[in-house]
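Engineer: Here the sequence shown is numbered in this note's numbering, starting from 58 and rising by one per residue.
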Amino acid sequence: MKVLGFAGFSGSGKTTLVEQLVRGLRSSGLRVSVVKHAHHQFDVDQPGKDSWRHREAGAFEVLVASNRRLVLQRQYEQTAEPQVHHLLAEVYEGVDWVLVEGFKTSDLPKVEVWRPESGAEVLYPEDPFIKAIATNVPDQIRPTTLRPVLDLDRPEEVLQWMLDNGENLIYQPPLA
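1. Apply the 10 Å Cβ neighbour rule to V101 and answer buried if 16 or more other Cβ atoms are within range, or exposed otherwise.
2. Hey, out of D208, L165, R126 and Y133, whose CA is closest to E118's CA?
3. For P182, does the count of other Cβ atoms within 10 angstroms reach 16, so buried, or fall short, so exposed?
4. Look up R204 in the DSSP assignment and say whether it is helix, strand or coil.
5. Could you say which of L156, E169 and P200 lies nearest to K59 if we only look at CA atoms?
6. If you draw a straight line from the C-alpha of V128 to the C-alpha of P200, how long is it?
7. In whole angstroms, what separates the C-alpha of M219 from that of L61?
8. What do you reckon, are the CB atoms on A64 and D164 nearer than 9 angstroms?
9. Can you find at least 3 beta carbon pairs, one from the stretch 82 to 97 and one from the stretch 201 to 210, that sit closer than 8 angstroms?
10. For A177, which of helix, strand or coil comes out of DSSP?
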């Protein structure tokens, strides 16, 4: 499977871009998974539903499956920052692509998503794992870079870059 991360600060457009790329990859007949990092407490359950009740009762894991969907929830007993490689090990082996949103300090190859209105500095000068930058204002990127600069408003351009560079994005789990 090929793995590519998307790093950037809140409001930069990561989620919108990943959503568009999933659609583009799927329209090409490819199977896509997404791994998303959340910085806050979140819940995929609804109060009162069976899975919520099991989790509230203290289950460490709740796996809910139907003939169309599978969801695995794991409740950490102590605060634990998820590691992206551990999460990738959980992904179904038969996918063609895994798009990873967040995990901006990971050692995965990444596209930086940058908009000046985020108020944040660019990440790429300090991150050798950033392979390209997607932005809607390429003339405002400082410092200049030799990395590819892709048009954030043209997701098909980002998708084509991904497909053209896919052989360099084949996932190699770290050695234990």
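We treat Cβ as the ideally placed atom computed from N, Cα and C, and that holds for glycine.
On a predicted model such as this, the values are computed, not experimentally measured, just so you know.
Structural biologist: Result, derived from the coordinates:
1. Answer is exposed; the Cβ neighbour count stays below 16.
2. Y133
3. exposed
4. DSSP places R204 in coil when its eight states are reduced to three.
5. In terms of CA proximity to K59, L156 leads the group L156, E169 and P200.
6. 43 angstroms
7. 8 angstroms
8. Pairing A64 with D164 gives a Cβ-Cβ distance that is not under 9 angstroms.
9. no
10. coil
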